[in-house]
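Asker: Quick one: the structure is below, and I'll ask about it shortly.
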């Protein structure tokens, strides 16, 4: 357990961080599957929170390289370890699963545009 909490104990502790490419905001993921958006100018409290469908720890966050209003989340202990959320609406835009079923942890993530199409590469462990 961390010694410093930036959100209430009910909402979990921080498990991941991601900055937008322009340095305007920071996204944080919690142990209970909540994404918080922070404006770097006013870091006192989050400007938005999004409850994800998973409600398990968010181990990775990454801004979509093709659309900065979307973020990829990597979840621990989930049948769908990667999901993409719209940061404006809070809606889940897509979820991805693995061939092996439930994974223990999403250990790495990279997204890129290849010939104009979005591609997501991720690595997971299954225990």
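In this note's numbering, the protein residues as written are 120 to 246.
Ideal Cβ placement from N, Cα and C applies to all residues, glycine included.
Model, not experiment: these values are computed from the prediction.
1. For residue 133, which of 139, 143, 144, 153 has the nearest alpha-carbon?
2. For residue 199, which option in 215, 205, 148 has the closest C-alpha, if you only look at C-alpha atoms?
3. Under the three-state reduction of DSSP, which class applies to residue 167: helix, strand or coil?
4. Quick one: what's got a C-beta closer than 6 Å to residue 176's C-beta in the same chain, skipping five residues either side?
5. Can you tell me whether residue 203 is buried or exposed, with buried defined as 16 or more other CB within 10 angstroms of its CB?
6. Excluding the five sequence neighbours on either side, which residues of its own chain have a C-beta within less than 6 Å of the C-beta of residue 173, listed in chain order?
7. In terms of residues, what are the limits of the beta strand (DSSP E) holding residue 141?
8. With a CB to CB cut of under 6 Å and the five nearest residues on each side skipped, what residues in its chain are close to residue 158?
9. I'd like the list of long-range same chain contacts for residue 235, defined as Cβ closer than 6 Å, with 5 residues on each side in sequence excluded.
Answerer: From the atom records:
1. In the chain shown, counting from the first residue as 1, residue 133 sits at position 14. The shortest CA-to-CA distance from residue 133 to any of 139, 143, 144, 153 is the one to 153.
2. Looking up residue 199 in the chain shown gives position 80. Comparing Cα positions, the closest option is 215.
3. Within the chain shown, the letter at position 48 stands for residue 167. Strand.
4. In the chain shown, counting from the first residue as 1, residue 176 sits at position 57. Cβ neighbours of residue 176 beyond the five flanking positions: 134, 150, 195.
5. For this step, residue 203 is matched to residue 84 along the chain shown. With 16 or more Cβ atoms within 10 Å of its Cβ, residue 203 is classed as buried.
6. Within the chain shown, residue 173 is the residue found at index 54, counting from 1. Same-chain partners within the cutoff: 152, 194, 197.
7. Translated into the one-based positions of the chain shown, residue 141 becomes position 22. No beta strand (DSSP E) holds residue 141; DSSP gives it neither H nor E.
8. The count along the chain shown starts at 1 and reaches residue 158 at position 39. Counting only Cβ-Cβ distances below 6 Å, and skipping sequence neighbours, we find 144, 166.
9. On the chain shown, residue 235 is found 116 positions in, with the first residue counted as 1. Excluding positions up to five away in sequence, the list is empty.
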